[in-house]
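Residue numbers for the sequence shown follow UniProt numbering, so the first one is 1 and each next one is one higher.
Don't be surprised by glycine CBs; every beta carbon is placed ideally from N, CA and C.
Presented below is the structure to which this report refers.
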Amino acid sequence: MKSDEMSWFKHVLSLSVIIIFAGFLFYLYDSEYRGDKIATEEQLLDISHEIPCAGEAFWMVLRNNPKPLTLRSANKIASECNERNKQLQVLSKTRSDEG
């Protein structure tokens with residue numbers, strides 16, 4: 001009877017260790033994937049080279065917010081800036097076509 005209980009306990013313990021280890025690996029992967037790390041100066045420069053209006057948007061956000069930008073928030077800011085510029089270009093094109 002005792003050997004059956006020990007065997008069951010070892011299996012449960014082994015399974016628990018495996019689940020905890022898998023959860024830790026998933027957390028590492030998920031935090032890397034989501035971009036929760038602080039954006040480096042090089043990453044911000046790369047984004048601002050791809051989307052020129054992003055540089056000014058980064059500057060305004062960093063000036064008004066003391067916390068550093070994460071890569072996710074930098075990409076979101078750049079995306080919003082890019083969308084805004086596209087909408088302005090379409091609007092100005094339609095106005096120039098009308099007039």
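| Check | Outcome |
| --- | --- |
| Nonlocal neighbours in the same chain, by C-beta distance under 6 angstroms from Ala78, ignoring five residues either side | Ile47, Ile51 and Ala54 |
| Cβ contact check for the region 36-44 and the region 65-72: 3 or more pairs under 8 angstroms | yes |
| Reduced DSSP secondary structure (H/G/I, E/B, other) of Ile18 | helix |
| Extent of the continuous alpha helix (DSSP H) run through Asp46 | Glu41 to Glu50 |
| Val61 to Lys76 span [Cα, whole Å] | 12 angstroms |
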